[in-house]
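Visitor: Chains Y and X, in that order, are what the protein sequence lines are.
Under my numbering, the letters of the first sequence match residues 99 to 426, in that order.
Under my numbering, the letters of the second sequence match residues 2 to 321, in that order.
Beta carbons: idealized from backbone N, C-alpha and C, even for Gly.
Sending over a structure as structure tokens; questions will come in a sec.
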Amino acid sequence: MKFGEKEGIVDISDQQAGAINRAPMEDEFEPMLELTPALVQKRRSQGRIIFDRFMRNRTAVAGAAVLIFMFVFCFLGPYITGHNQPDTINVSNVSQTLAGPSLQFPLGTDDVGRDELARAMAGGQVSLLIGLTSMLVAIGVGVGIGSIAGYYGGIVDNLLMRLTDVVLSVPLYLLLFVLSASFIDHTPRSVIILIAVLVWPAASRLVRGEFLALREREYVLAARTSGARNFRLMFRHILPNAAGPIIVNATILVGNNIILESVLSYFGFGIQPPYASWGNMISDGQGYFSVNPWLVFVPGLLIFFTVLSFNLVGDGLRDALDPRMTER
Amino acid sequence: MGRYILRRSMQAIPLLFLISIAMFALIHALPGGPEAVLFNPRLSAAGRAALRARFGLDDPLPIQYLKWITSALQGNFGYSFATNEAVSSILARRFPATLELFSIALVEALIIAVAVGVISALRQYSLTDYVLTTLAYFGIAMPIFIFGLFAQDIFGIWLHWLPTSGTTTFGVTFNAFNAAWDHFNHLILPTSVLAITFIATWSRYMRASMIEVKRQDYIRTARAKGVSSSSLVFRHALRNAVIPLITVVAIDFGAVAGGATITEGVFAWPGMGQLFLQSLDSRDYPVLLSILLLSAVFVVAFNLIADILYGVMDPRIHYS
């Protein structure tokens with residue numbers, strides 16, 4: 099039994115495909131025969147099928163586990179561990195700053211004697227929230243405008259395509275730096291808006307492409323024939339079928355946005371004190387690397403594992419949501 | 002083919018104009034324009050008016066844009082707010098360093114990505130393949146500046162193997178050979194860091210495309226004819242497999258440029274990326290605007306080149 103599978107709910111096609119691909123071994127036929135009646139009885143919902151397929155992908159499940167851990171670590175960690183004072187200076191004397199790990203401070207202290215573990219958790223809250231909310235804003239706007247552009251075409255489509263052409267032709271980081279250096283007040287909220295403003299065009303182009311392809315399908319024509327209005331066609335018929343690529347894109351976007359935030363904060367254009375974020379923790383710690391390398395490695399590795407996990411989950415969802423992918 | 006190239010080039014021109022308008026509007030919409038940066042706050046009203054007239058700030062924005070774009074097309078990008086030097090001469094001074102970093106990293110990334118992709122594809126589902134795939138995932142997930150910092154910290158500060166910033170070691174007199182060696186050492190970290198992210202993504206494309214080609218009938222035919230396996234890989238499979246990669250590389254040009262900016266910032270590499278970051282600090286808008294526009298010109302040009310190369314390398318593609 100593979101990881102994550104429950105008894106009696108094995109995908110028939112997977113079993114058959116597996117049996118055909120592998121050299122038939124005698125003992126493999128028996129469980130298949132045993133499963134057959136259960137397979138006939140148990141029908142799984144679409145969501146269940148996708149969930150089961152996702153759970154069979156070990157790297158994606160590992161990614162999801164790391165993400166759950168990250169969220170628990172950042173949002174519940176301060177309450178569980180009691181390290182909930184990221185801004186308090188805990189030392190009375192300079193020689194106690196930049197301390198290595200100890201029982202009192204498991205990740206040591208930074209250059210002014212703040213608790214690095216508490217800062218890692220507080221900074222993680224900011225980084226994760228920025229990644230998630232900027233994704234939600236970008237995908238929300240992207241779906242709204244992309245669906246109109248893809249469905250109706252015309253002037254909205256033209257404007258959207260020209261806008262994305264412009265945005266995609268200028269290196270993203272340069273645009274991001276220029277805007278953040280001048281426009282924003284470096285609070286999490288404005289960083290979220292800034293990132294969303296720069297990534298929504300790509301998201302809407304994706305949605306537009308899906309709508310363009312799907313609006314010509316026969317089931318849409320069928321729905322139209324039976325009297326469905328445009329709005330219903332767009333959001334009840336086309337959007338659910340475009341959901342797969344959008345969800346995958348959204349998942350990977352969270353990781354990308356966390357990178358964008360950290361780059362901004364590292365160069366001093368993003369989150370600034372009093373807020374901690376993983377990005378500005380790295381830039382703070384950089385100068386003290388030879389004394390306390392933890393100050394760079396801890397936030398750096400937290401970003402790395404978070405982004406990696408979002409990418410793995412995104413890839414897992416891509417496979418799970420694709421109806422043609424039955425065998426992995 | 003000639004007609005196609007011409008038509009595609011013609012399409013790029015309105016896009017570039019659109020970009021120039023957008024960037025001009027963006028820079029001018031920024032709070033704290035030239036007045037806030039350049040003008041002494043204690044300047045009298047008359048002096049202020051004189052300076053406004055001198056900088057052409059009294060004209061309406063569209064007129065300012067037209068004046069700027071006509072002189073830009075003639076090679077005059079205005080003058081730096083910070084040093085009053087012509088932007089074009091600043092850019093000319095900074096460009097070689099960026100070109101060096103960029104082209105070495107690009108060649109490095111391409112060679113390694115193709116090699117990794119081919120090895121992965123030929124040994125699909127082997128241990129080597131899994132290890133390379135895992136490394137590629139790591140490379141994609143690692144933000145380039147963190148890579149740069151870790152590399153600096155590990156190879157520079159801990160191991161003392163390589164220099165961590167700049168292009169030469171200060172305060173030492175070298176003979177020609179040692180100077181070249183010193184410069185080479187300075188190149189290793191920044192180019193590798195810039196290359197790594199793109200090795201990771203491009204090797205994935207290369208792997209997928211090589212696997213696709215490997216299954217084709219003509220490969221089986223060649224094998225049946227008795228073509229040696231090295232010739233099969235290099236002369237038959239690789240040529241076709243590399244075509245999709247060209248588009249990806251050209252499309253990623255903007256991302257490489259962005260990555261180069263960050264790499265230059267991390268490694269204090271005296272190129273255009275570092276100039277960009279410095280100009281941001283001093284709100285040097287003419288310089289910023291020129292770099293934005295120049296990078297967009299390169300991105301658009303590379304997309305165009307990709308389209309054309311695609312046709313040159315794959316004669317099956319016909320353009321109407």
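1) Let me know the secondary structure DSSP gives I309/X once reduced to three states.
2) If you pair each beta-carbon of the region 235-252 of chain X with each one of the region 303-312 of chain X, do three or more pairs fall below 8 Å?
3) Does Q217/X come out as helix, strand or coil in the three-state DSSP assignment?
4) Taking Cβ positions only, does M314/X come closer than 8 Å to chain Y?
5) In chain order, which alpha helix (DSSP H) runs of at least 4 residues are fully inside the region 211-275 of chain X?
6) Going along the chain, which residues of the region 191-220 of chain X sit with their C-beta nearer than 9 Å to a C-beta in chain Y?
7) When the distance is taken between beta carbons, is I20/X closer than 8 Å to A297/X?
8) With 8 Å as the threshold, decide whether the Cβ of T264/X is near any Cβ in chain Y.
9) Less than 8 Å between CB atoms is the rule here; does D308/X satisfy it with respect to chain Y?
10) Take the Cβ of N85/X as the centre, count every other Cβ of all protein chains shown within 10 Å, and call the residue buried at 16 or more, exposed below.
11) CA-CA distance, P338/Y and A238/X?
12) Based on the DSSP secondary-structure assignment, which residues constitute the bridge partners of Y386/Y?
13) Is the Cβ of R8/X closer than 8 Å to any Cβ of chain Y?
14) Output, in chain order, the set of chain X residues within a Cβ distance shorter than 7 Å of V361/Y.
15) To the nearest angstrom, how far is it from the Cα of T129/X to the Cα of G259/X?
16) Among R142/Y, G175/Y, V411/Y and G398/Y, whose alpha-carbon lies nearest the alpha-carbon of F148/X?
17) What does G255/X reach in chain Y if we use C-beta pairs closer than 8 Å?
18) Check each candidate in S81/X, A26/X and A225/X and name the one with the smallest Cα separation from P61/X.
19) Between S381/Y and V228/X, what straight-line distance do the alpha-carbon atoms span, to the nearest angstrom?
20) My guess is that L215/Y and H181/Y are in contact by the Cβ rule of under 8 Å, so how many angstroms apart are they, rounded?
21) Need the endpoints of the alpha helix (DSSP H) that F203/Y sits in, please.
22) Taking any Cβ of chain Y, which residues in the region 41-55 of chain X have a Cβ under 7 Å from it, in chain order?
23) Does the distance from the C-beta atom of F268/X to that of L160/X stay below 8 Å?
24) Output needed in chain order: residues of the region 154-171 of chain X with a Cβ under 7 Å from some Cβ in chain Y.
25) For T317/Y, which beta-bridge partners are listed by DSSP?
26) What residues in the region 328-359 of chain Y have a beta carbon less than 8 Å from any beta carbon of chain X?
Guide: Reading off the structure:
1) helix
2) yes
3) coil
4) no
5) 218-226, 239-252 and 254-268
6) none
7) yes
8) no
9) no
10) exposed
11) 39 Å
12) Answer by DSSP bridge pairing: none, since Y386/Y is not bridged.
13) no
14) P144, F146 and I263
15) 31 Å
16) G398/Y
17) L266, S267, V268, P269 and L270
18) A26/X
19) 55 Å
20) 5 Å
21) From DSSP, F203/Y is part of no alpha helix (DSSP H); its letter is neither H nor E.
22) none
23) no
24) D154 and I158
25) According to the sequence provided, residue 317/Y is Tyr. The question's Thr does not apply to it. Bridge partners of Y317/Y: none, in fact.
26) G353 and I357
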